[in-house]
Amino acid sequence: MGIELWNLENIQLGHPSCPRLAIGQLSIPSGVTAVIGPSGAGKTSLLNLLVEFESPERGVVRASDSLQQESKRRLGVGWVPADFGLWPLLSVRDHLQVVSQGSSQPSTDREPSAETVDELLTTFDLSHLSDRTPDSLSMGERARLAVARSLAMQPFVHVMDEPFTHVDPERVDLYWRVLRETLRRSGCSLIFSTHFPSVVLREADFVICIQDGQVAWSGSPHELYYRPENKSLANLLGPANWFGNDEQPLWLPVENETPCLRPEQIVLQEDETSPLSIEKTWNVGQHHQSEIQHGETRETRTIYHQPSSGTFKSGTRVRLSVVLALFLSLLVPLLSGCGQSDAQEPQLAIESAKIYSLPNEGPMLPAPRGMTFSPRGDLFVLDDAGRVLMFDQVGDLVRKWWMPEYDVGKPEGAWVLLDGRIAVADTHYNRITFFNVEGELLGTLGEFGRGPGQFIYTVAVTQTPDGFLYVAEYGGNDRIQKFTHTGEFVTEFGEVGTENGQFQRPSGLVWHEGTLYVADAINNRIQAFDLDGKFLRVVADAQTAGLYYPYDLAKGPDGSLFVAEYGAGRISRISTEGKVLGRYGHEGRGEGQFWTPWGIAVNHDGKIAVADTGNRRVVELLY
């Protein structure tokens, strides 16, 4: 925590019989502080006190010595009120010009006024509006101008009441990035209110929870996210599953140290012996939501959980697997503000990018899932309609064909074998399906079961230069099986778990120089094995490389590993020793962004193909 900026004691704002705000004691540190709470809770009232727009009927709001000293040499506080506080007679440019000229900060600490104004106009997409007055601006444009004006003031502390309200979702992350970088460069602090949990988790070092006009809790976002004191506080940072001590034995396979489990900490897996059964499942974006009934108590409750590869049918019996180490190692550095920013990490030098959608199927625009390149550079893509599509080296569609069955679920992984056959992980039909390049069905390998040569959900397949096939599966029997090129079982290794050599959804396979690399998705890591299945090492994980749901792997021309990070919305290039060599993209819907990227393939000349599944498009990159 940074130095103290404000200290509030025995605050009462509003009539004593019904105060809008009642605070016993609150200390606000430097850095980035988020104020959250339901509508009408008192967030705006707190910010109004800090900027002295309102005064309490009782109590003291005390600015720290450091804030008072800074206020003598420059503007102490810049304010973005809820109604934006724009000046009706001034143009957009004049809003920035006036406050920039009026800054009392020494000229050695600030850029020339004109350069500052032009840069802010460009950065916040206001250049074409520079001569307009506020009454002719949209709400989103006013919001951007209000934040830009605060940055032009160059104060010691920015106080912003729900900044970027009404701003287009596709641009809001960019503006937050600008604000974040400005704070880092200037050393200024920010206190802001918001209703968006993702913004709190990404931006804030400290969080203040306001409920019914009182401070219900204050502390680190990480603590509030994983160890909230009650369900009401938990819900302030997004969907939460709350299991009391008496409920955990009924719903969870193991006792959890806290009653709160976030969606990313729960995985649904089919289990015919479980008393829990699915009533209905919804895809609500980054997580899924299911209504689940307990067969013994007949209680039905809503469970928020990780996205499932397929859609659970009503009546399917499932168990709730708890993943505890998953985000704890990943999010601690990010939420504490000590993690690497995008600018600090090595970036992939991308020469060009090509984006295209798959051909529609009637009114449906299918999304890509698995993909692989042939040795000659043809790209084979699996989609969520149940098709296999073949694109030539210039990106033209050569042919497409259907999987033999696809009603239950769609395939996830593919590989072009040494003899030219295309092997497809026919996930929900518990097998590997083989085609020739014309799309003719040549045969299958496997059936449902847990024995040798049997599968639950096949998810990835690859072949080594000596002809051996390796098939990965998940669904409660998470393991890898090795076969000869004719399909004879050789060996198996791995099981469900979080220990070394164990897996939770081993969804990507790469062979390189006698070593098999496995993307262990739910455990957020890449593991290495010899070709007989002996565990060698953890190559990279959430803690050492920031991996966030590595769903697929591909090998680059130099032997480095390319990783599609489903959770982070990006592509990472990692050495076989675990060093991050470069990253590209972040979560979003625009150019240079990905939404739940599912598959990745790299050909011999360095072309990268990414299944940008959530955005229903294929992205091809040259680096």
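Residue numbers (the working numbering): 2 to 624.
Cβ atoms here follow ideal geometry from the backbone N, Cα and C, with glycine treated the same way.
Looking at the backbone, the Cα of F449 and that of A426 are separated by about 13 Å. With respect to the 8 Å criterion, Q482 and V472 are classified as neighbours on the basis of their beta carbons.
Listed as beta-bridge partners of G589 by DSSP are no residues whatsoever. Residue state for N524 is assigned as coil, using DSSP reduced to three classes. The beta-carbon distance between Y552 and G509, rounded to whole angstroms, is 7 Å. This is short enough to meet the 8 Å contact definition. Here I433 is buried. Its C-beta has 16 or more other C-beta atoms within 10 Å.
Residue ranges of uninterrupted beta strand (DSSP E) with 3 or more members, entirely inside the stretch 372-408 and ordered along the chain, are 380-384, 388-392 and 398-403. For T34, the closest alpha carbon among the candidates K411, R263, E71 and V208 is that of V208. Taking 8 Å as the cut-off, the Cβ atoms of G570 and Q594 count as close. Closest option to D136, judged by alpha-carbon separation, among E53, G60, L87 and L175: L87. Here N524 has T499 and Q505 as same chain residues with Cβ atoms under 6 Å from its own Cβ, once five neighbours each way along the sequence are excluded. In the three-state scheme derived from DSSP, where H, G and I count as helix and E and B as strand, G444 is classed as strand.
Around the CB of S194, 16 or more other CB atoms lie within 10 Å, so the residue is classed as buried.
For the alpha helix (DSSP H) assignment, the stretch 273-316 encloses no uninterrupted run of at least 4 residues. A direct Cα-Cα distance of roughly 54 Å separates T166 from L446.
When secondary structure is reduced to three states using DSSP, K355 falls in the strand class. Assigned with DSSP and collapsed to three states, P250 falls in helix.
If you look at K483, you'll find it in the beta strand (DSSP E) that goes R480 to F484. Under a 10 Å Cβ-count criterion, G25 is classified as exposed, with fewer than 16 other Cβ atoms of the shown protein chains found around its own Cβ.
In the DSSP assignment, the residues bridged to K556 are L562.
Per DSSP, A569 is not a residue of any alpha helix (DSSP H), being assigned neither H nor E. A contact between stretches requires three or more CB pairs, one per stretch, nearer than 8 Å, and the stretch 583-603 fails this requirement with the stretch 317-325. Rounded to the nearest whole angstrom, the C-alpha separation of N236 and G515 is 48 Å. Ranked by Cα distance from N478, the first of T459, H486, G488 and P466 is T459. For Y227, the secondary structure class from DSSP, reduced to helix, strand or coil, is helix. Looking from the CA of V540, the closest CA among P376, E566 and G579 belongs to G579. According to the DSSP secondary-structure assignment, M161 is paired through a beta bridge with V81 and F193. Within 10 angstroms of the beta-carbon of C19 lie fewer than 16 other beta-carbons, which makes it exposed.
Per DSSP, the beta-bridge partners of Q270 are R320. Nearest in C-alpha terms to D162, of all of F85, L122, A149 and L180, is F85. A205 and H196 have their C-alpha atoms roughly 13 Å apart. Annotated as distal: A565 and G534, with beta-carbon spacing of 8 Å or more. In the three-state DSSP reduction, G615 falls in the helix class (H, G or I).
Taking C-beta separations shorter than 8 Å and ignoring five residues to either side along the sequence, the partners of P376 in its chain run V417 and H605, following chain order. E10 sits away from S65, with the two beta carbons spaced by 8 Å or more.
Here Q348 is exposed: its Cβ has fewer than 16 other Cβ atoms, across all protein chains shown, within 10 Å.
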